[in-house]
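What follows is one structure encoded as C-alpha cells, with my remarks underneath.
In my numbering, the protein residues as written are 45 to 349.
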C-alpha cells in the first residue's frame, strides 16, 4: 500500500509558474503600445504568428491580471514583447499539473467570455469592487484620457523642451492632429529629428522619456523630410481619444502664432525666394524712381499750322 501511495504522489507533478510584478506589467503595457498591439487578442495572434505556439486568451488575461501562469508561457509572452531581463521581475511558484484537455477547455470558455468584452483596452482587464474604483482613480484607459487639462498641457510642453534640450535645439510645434495626439514638429536640425526617429525604432525613446519622468508614451514617430526648401518635420503620436475641441485647446496653448515665431519658421531657402519675388515685383517702381523720364509720357508737340 505504501508503495502505491508513493507512486500516486510522484505522478502528481508540479510545474513552475510565474506572476508579473508591477514594474514588469507596466513595461508590458508600454511594449504593446510601442509595437502597435492594441488588444490581448492581437497579442495572442502575434504570438501564434511568431512562435507557432497557441496561447489561450485566458492565459494572457491572467498575465495582465497578475495571476500565476506556467513559466514557459510567461516567458513566451515576455519574449514576444521583447521585455529584457524579465526574469528579475517575476514571482515564481508552482501548480499541480492539469490534464491538457481540461486546460484547453478552460481556455476556450475564457475566449468566449473575452469576445463578449472585446472593448477592453490592452492589458487593462475589467474589474469589480475596490479594484474597479482603483482603476478609475488611476485613469489608465485611453477612453479616460479624453480630457485636456493643465496637467496634459504641461506634460506636452515639457516634452517639446525635452526634444529641444537633447536633440534639436530649435524644435517648434506647428500643428496637432485630432484623435490620438499627433504632434507635427519642425526643426532646422534634420539630423536631430532623424535621431529621434532612430531612438523610437530602437525602443530607447520611451525609456528616455520615462527617465525624464514625463509620464507619457510615444506610439509612433515618422520623419517627414523637407518640403520646398522648408525645415524638416517629424510627426510624433501620443495615444488617446481626444475630440476636435480638445485638440483646438491644445493648439491654442502650445502653438505660438505670433509674427516673430512665424518669421522663425521661414527657412533660408524660402526667405531667398521671397526676396527674389519681392525684388521682381518692386523693380518697376524702383526703376521709375531712378529714371522718371523713361516712364513719363513724352511731351506733346503742338501743331502750329
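No residue lacks a Cβ here, since even glycine has one placed at the ideal position from N, Cα and C.
| Asked | Found |
| --- | --- |
| Assigned secondary structure, residue 82 (DSSP; H/G/I helix, E/B strand, else coil) | coil |
| Beta-bridge partners of residue 229, as assigned by DSSP | 217 and 278 |
| contact_flag[the region 56-68, the region 238-251] where n(CB pairs < 8 Å) is 3 or more | no |
| Residue environment, residue 235, which counts as buried when at least 16 other CB atoms sit within 10 Å | exposed |
| Contacts around residue 201, its chain only, beta-carbon distance under 7 Å, and the 5 residues preceding and following it disregarded | 298 |
| Residues near residue 133 by beta carbon distance below 6 Å, same chain, minus five either side | 65, 67 and 68 |
| Under 7 Å between C-beta atoms of residue 230 and residue 216 | yes |
| Rounded C-alpha distance that separates residue 247 from residue 99 | 25 Å |
| 7 Å Cβ cutoff met for residue 106 and residue 113 | yes |
| C-beta atoms of residue 228 and residue 288 nearer than 7 Å | no |
| Anticipated Cβ contact below 8 Å, residue 84 with residue 97, distance rounded | Their Cβ separation, rounded to whole angstroms, is 16 Å, which puts residue 84 and residue 97 out of contact at 8 Å. |
| For residue 290, three-class secondary structure by DSSP | helix |
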